[in-house]
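Enquirer:
Residue numbers (this note's numbering), protein chains in the order written: chain A, 6 to 337; chain B, 233 to 896.
1) Around the Cβ of residue 178(B), are there at least 16 other Cβ atoms within 10 angstroms (buried) or fewer (exposed)?
2) Among 237(A), 181(A), 132(A) and 182(A), whose alpha-carbon lies nearest the alpha-carbon of residue 161(A)?
3) Candidates 325(A), 294(A) and 217(A): which alpha carbon is nearest residue 173(A)'s?
4) Expressed to the nearest angstrom, what Euclidean distance is found between the alpha-carbon atoms of residue 190(A) and residue 98(A)?
5) Residue 729(B) and residue 750(B) look like a contact to me (Cβ under 8 Å); what is the Cβ gap, rounded to whole Å?
6) Taking only runs that begin and end inside the region 678-754 of chain B, name each unbroken beta strand (DSSP E) of 3 or more residues, in chain order.
7) Listing by chain order, which chain A residues have their CB less than 9 Å from the CB of residue 586(B)?
8) At 3 residues or longer, what runs of the beta strand (DSSP E) sit wholly inside the region 108-179 of chain A?
9) Mind listing the chain D neighbours of residue 242(A)? Cutoff is C-beta to C-beta under 7 Å, in chain order.
10) With the cut-off set at 7 Å, would you say residue 130(A) and residue 166(A) are in Cβ contact?
11) Taking 7 Å as the CB-CB limit, is residue 124(A) close to chain B?
12) Would you grab the beta carbon distance between residue 282(A) and residue 250(A) for me? Rounded to a whole angstrom, and I think it's under 8 Å.
13) Kindly list, in the order they appear in chain B, the residues whose Cβ is closer than 7 Å to that of residue 281(A).
14) For residue 156(A), tell me which candidate among 335(A), 116(A) and 204(A) has the shortest Cα-Cα distance.
15) Please state whether DSSP places residue 301(A) in a helix, a strand or coil.
16) May I ask you to report which of helix, strand or coil DSSP gives residue 235(A)?
17) Whole angstroms are fine: how far does the CA of residue 48(A) sit from the CA of residue 16(A)?
18) Classify residue 489(B) as buried or exposed, calling it buried when 16 or more other Cβ atoms lie within 10 Å of its own Cβ.
19) When the Cβ atoms of the region 322-335 of chain B are set against those of the region 345-361 of chain B, are three or more pairs found closer than 8 Å?
20) With 7 Å as the limit, tell me which residues of the region 265-290 of chain B have their beta carbon closer than that to any beta carbon of chain A; keep them in chain order.
21) Give the residues from the region 623-636 of chain B that approach chain A closer than 7 Å (Cβ to any Cβ), ordered along the chain.
22) Exposed or buried, residue 671(B), counting other C-beta atoms within 10 Å across all chains shown (16 or more means buried)?
23) Quick one, which of 773(B), 263(B) and 681(B) has its alpha-carbon nearest residue 255(A)'s?
24) Determine the direct distance from the alpha carbon of residue 336(A) to that of residue 534(B), and round the result to whole angstroms.
25) Would you list, in sequence order, the uninterrupted beta strand (DSSP E) runs of no fewer than 3 residues that lie entirely inside the region 264-301 of chain B?
26) I want to verify the contact list: residues of chain A whose CB lies under 7 Å from the CB of residue 683(B), in sequence order.
27) Does the beta carbon of residue 771(B) come closer than 7 Å to any beta carbon on chain A?
28) If we cut at 7 Å on Cβ distances, does residue 556(B) have a partner in chain A?
29) Are the region 265-277 of chain B and the region 233-241 of chain B touching, with three or more C-beta to C-beta distances below 8 Å?
30) Is it buried or exposed for residue 140(A), if we count other Cβ within 10 angstroms and need 16 for buried?
31) What residue ranges within the region 801-874 of chain B form continuous alpha helix (DSSP H) runs of no fewer than 4 residues, ordered along the chain?
32) If the criterion is Cβ atoms closer than 7 Å, does the pair residue 395(B) and residue 432(B) meet it?
33) Under 8 Å between beta-carbons, which chain B residues line up against residue 112(A)? List them in chain order, please.
34) Rounded to the nearest angstrom, how far is the Cβ of residue 186(A) from that of residue 124(A), given a contact under 8 Å?
35) Using a C-beta to C-beta distance shorter than 7 Å, which residues of chain A count as neighbours of residue 530(B)?
36) Given residue 417(B), which residues of its chain have a CB within under 8 Å of its CB, disregarding the five upstream and five downstream residues?
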């Protein structure tokens, strides 16, 4: 068959095609695996070399032209509206809600510490004086108690926990070392609210007890945590502090991620940002849970989950977390 | 606490580093410096002295730290003078537990005038107002040594006698601040023979104040029971430079050092000392194990270096490393306290991070959190947004809707008064505020602790609650949400029961109980679902219909199951038939379903309600329920006669009730 004849017939078929289905059929008829053009191309190998070259060139060109014709076929008024798309029109998003940013950051923190072998533990928000204070080496009438402004319940000796540290005690009362836990949770402090203070806030507590866990181990673990959390190398600095339940006690700073230590408004020109209070667990705390401080030692730390969240998303006002404002929440 | 840079400098011959550098050094080695501020030719450092270090509520204390950090030699202030004669003063202590030590000196031939300028400047740098040379010097020595001091006009003390006793009930005193204070037996006073002349450790009295005519003074340096002073200060709501220091356990030996330093600094004839001392300050020694220090800090430290650090801080170090603790360091009680001293002067920044050498134990999964997070994800997928609300509710809302509430001794305000008894009240409260910015339907949820009183105890329950604003179909939407939530927990057997009154629930005024249901799993109620009552909506200023649910998460998690077993898929085709039945309006879907399901048995694989309609086109009082019936066998293809037969059977059963009518 004359290949040009074949081309004419195919062009005519494409021209008169009335729908996508018909066009599909035509495409198959000429260009498919067993299509007529395909057959021609296959038969070329039987021709003498000179003729093969000439016919091959022609057949391939015709194939291309037909493909183009099929692609650009316009059905005009007949075209089914459903078939037409505008790739620049907006897509239709599936509807879904949003999780609170502190939830998202808490999950991340839990995941990172889980990788380091820390189990996540919870505890009650209403606490007794023993777990919140006494067992943590903060006796009644001790000036250190002023470090925590406390919401007291009408019931004697009950209070809203001022930190997640009482869960350390609860956990050690029921579990033997070696142990590694973190405790995320809501805490309460009786203080006026402003952009950086809330009476409801979130802490994450960490505790690791073993035979010879040291300050050096603490530093390595915190460095790893911040590196994983901020997804880059973070410079960490430990300096002296005081907490009744740790000895020695530390304040943990990280180098300001914005100015890299040069000083900027975010770090109040200090170059460092306070991230956690920490220390080596005080022997009196171990004794309070009937562990022998001669055999066991380790570190504890407490960190503001809301603070981590504020850094993660560059949130300037802590009060937004409890505002229930959808304009804020739907950004996460 | 405020410190003067020039004052600190005065303890050293060597020049101190620039104020910012000094602040940074202090921050890395001992205390955080909040701010540094230029004041005239001086700088003021606001240092955050930690409550365990009352010895550093004093310039001398900070200077000792600087000396240890920089290796600078400290010049101890002078206090040598000659006593001029016997004292006239008598001191009587009622209870030695209240006042373990009381030291007094009389100075005669005083000239009251203004203090020297540098004294005034240093006081002002520390925020203390200059008054006259006597009062100023007492304040100055307090800021120098950390020992609060007081000067009485001796001629105004009746009977030349100091009595330290508890106040009598209703006893009154006018303070140096001209305020009148009413005292009681929990408050310690300094008295003469007739009345109280000072509130011990807190405030001097006006009746014995130093004035221009004062000739003879009595200086007091005492040590009071710290708990007593702290309580009294709280009770009187009066916190002073003195009380703030006395609240801590001060060094009893400091009394003598301070009073002599003060006597030395005031011009006049110093008489012999009265020293009422009830317990000798024992010399304390602590055994120090360098290996323990290395193990706790994770560093290697040479003996010589450890010794040098301890000695620089004023500790005596014996050859066997028994450490003598100076009386000023009341905070050093155990070996770990000394390890901290070594660690901080060594420099925590010099400790390098090393991972512990431990067995690889994977962290156990917390089941409670695992399921809780699953619930969050499930609700997020259902288009719910998670809120965090306060754990408090207002007095107003609580009194009207709360039930047996948990009360605070010190609520923050009327608006944040009780602990929340449920999550719904605060969730509902978030609607009006958000309505200002958005016209869309809201779907909110929260997971958190709720608190209520239950037969004398307080119950803290972890709840999950959600709300949806919707015109009418909110109930079914929420029911679907709960269904898919529970399915994700591996729970498929869920029952909904009519509300049944019991004493606890009769207070749940925020539900519209005619349009509410109990959610039950394993025959136990785990939650509630329904429309929010009109009273509650009105009270919370919500102008639209709201549906809500709440679930006891702990109960739900107890029933949760992660295992999910695959059910083989039948090889034989399924046949679907639709059926619509017209029933009286009060007939419930479950009634119809029960009849359909009991008629055919296993071969009826599934029944789906796909339409529920009442209104136009239907007879009065009737509604139409339409179902897909899915027939399938495990072992053969069902013939169409069989299926027709089943359908006929179902129709017959349904039409047994004359008021039911299957639409053909």
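Built from N, CA and C at the ideal position, the CB exists for glycine as well.
Expert: By the coordinates alone:
1) A query on residue 178(B) cannot be resolved here, the shown segment of chain B reaching from 233 to 896 and no further.
2) Within the first chain, residue 161(A) is the residue found at index 156, counting from 1. Ranking 237(A), 181(A), 132(A) and 182(A) by Cα distance to residue 161(A) puts 132(A) first.
3) In the first chain, residue 173(A) corresponds to position 168, counting from 1. Of the candidates 325(A), 294(A) and 217(A), the one whose C-alpha sits nearest the C-alpha of residue 173(A) is 294(A).
4) Looking up residue 190(A) in the first chain gives position 185. Looking up residue 98(A) in the first chain gives position 93. The alpha-carbon atoms of residue 190(A) and residue 98(A) are separated by roughly 34 Å.
5) Within the second chain, numbered from 1, the residue matching residue 729(B) stands at position 497. Within the second chain, numbered from 1, the residue matching residue 750(B) stands at position 518. Their Cβ separation, rounded to whole angstroms, is 4 Å, which keeps residue 729(B) and residue 750(B) in contact under 8 Å.
6) 689-701, 726-730 and 743-753
7) Locating residue 586(B) in the second chain gives position 354, counting from the first residue. Near residue 586(B) (Cβ distances below 9 Å), the residues of chain A are 219, 221, 222, 224 and 225.
8) 131-133 and 163-165
9) The structure shown contains no chain D; its protein chains are A and B.
10) Start at 1 with the first residue of the first chain, and residue 130(A) comes out as number 125. Start at 1 with the first residue of the first chain, and residue 166(A) comes out as number 161. Cβ distance < 7 Å, so residue 130(A) and residue 166(A) count as in contact.
11) If you number the first chain from 1, residue 124(A) lands on position 119. Residue 124(A) counts as touching chain B.
12) In the first chain, the residue the question calls residue 282(A) occupies position 277. In the first chain, the residue the question calls residue 250(A) occupies position 245. 10 Å between Cβ atoms; not a contact.
13) Here residue 281(A) is taken as the residue at index 276 of the first chain, counted from 1. Under the 7 Å cutoff, chain B gives no residues; its nearest Cβ is about 13 Å from residue 281(A).
14) Sequence index remark: in the first chain, residue 156(A) carries index 151 (1-based). Measuring from the Cα of residue 156(A), the nearest candidate turns out to be 204(A).
15) Position 296 of the first chain, counted from the first residue, corresponds to residue 301(A). The answer is coil: DSSP assigns residue 301(A) none of H, G, I, E or B.
16) The residue labelled residue 235(A) in the question sits at position 230 within the first chain. In this structure, residue 235(A) counts as helix in the three-state DSSP scheme.
17) Walking along the first chain from the start, residue 16(A) turns up at place 11. Walking along the first chain from the start, residue 48(A) turns up at place 43. Computed Cα separation, rounded: 22 Å.
18) Against the second chain, residue 489(B) aligns to sequence position 257. Burial call: buried.
19) no
20) 282, 283 and 284
21) 623
22) Stepping through the second chain from its first residue, residue 671(B) is reached at position 439. The residue is exposed, with fewer than 16 neighbouring Cβ atoms inside 10 Å.
23) Start at 1 with the first residue of the first chain, and residue 255(A) comes out as number 250. Nearest option by C-alpha distance: 263(B).
24) Position 302 of the second chain, counted from the start, is the residue given in the question as residue 534(B). Position 331 of the first chain, counted from the start, is the residue given in the question as residue 336(A). Distance between the alpha carbons of residue 534(B) and residue 336(A) is about 55 Å.
25) 264-271 and 274-280
26) As a first step, residue 683(B) is located in the second chain; it is residue number 451 there, counting from the start. Residues of chain A passing the Cβ test: 131.
27) One-based indexing of the second chain puts residue 771(B) at position 539. Chain A contact via Cβ: absent.
28) Within the second chain, numbered from 1, the residue matching residue 556(B) stands at position 324. Closer than 7 Å: no.
29) yes
30) Position 135 of the first chain, counting from 1, holds the residue named residue 140(A). Buried, since its Cβ has 16 or more Cβ neighbours within 10 Å.
31) 821-832
32) Taking the second chain and counting its residues from 1, one reaches residue 395(B) at position 163. Taking the second chain and counting its residues from 1, one reaches residue 432(B) at position 200. No. Outside cutoff.
33) Along the first chain, read from residue 1 onward, the residue named residue 112(A) stands at position 107. Near residue 112(A) (Cβ distances below 8 Å), the residues of chain B are 605.
34) Taking the first chain and counting its residues from 1, one reaches residue 186(A) at position 181. Taking the first chain and counting its residues from 1, one reaches residue 124(A) at position 119. That pair is a contact at about 5 Å.
35) Position 298 of the second chain, counted from the first residue, corresponds to residue 530(B). Under the 7 Å cutoff, chain A gives 219, 220, 221 and 222.
36) Position 185 of the second chain, counting from 1, holds the residue named residue 417(B). Counting only Cβ-Cβ distances below 8 Å, and skipping sequence neighbours, we find 398, 399, 400 and 401.
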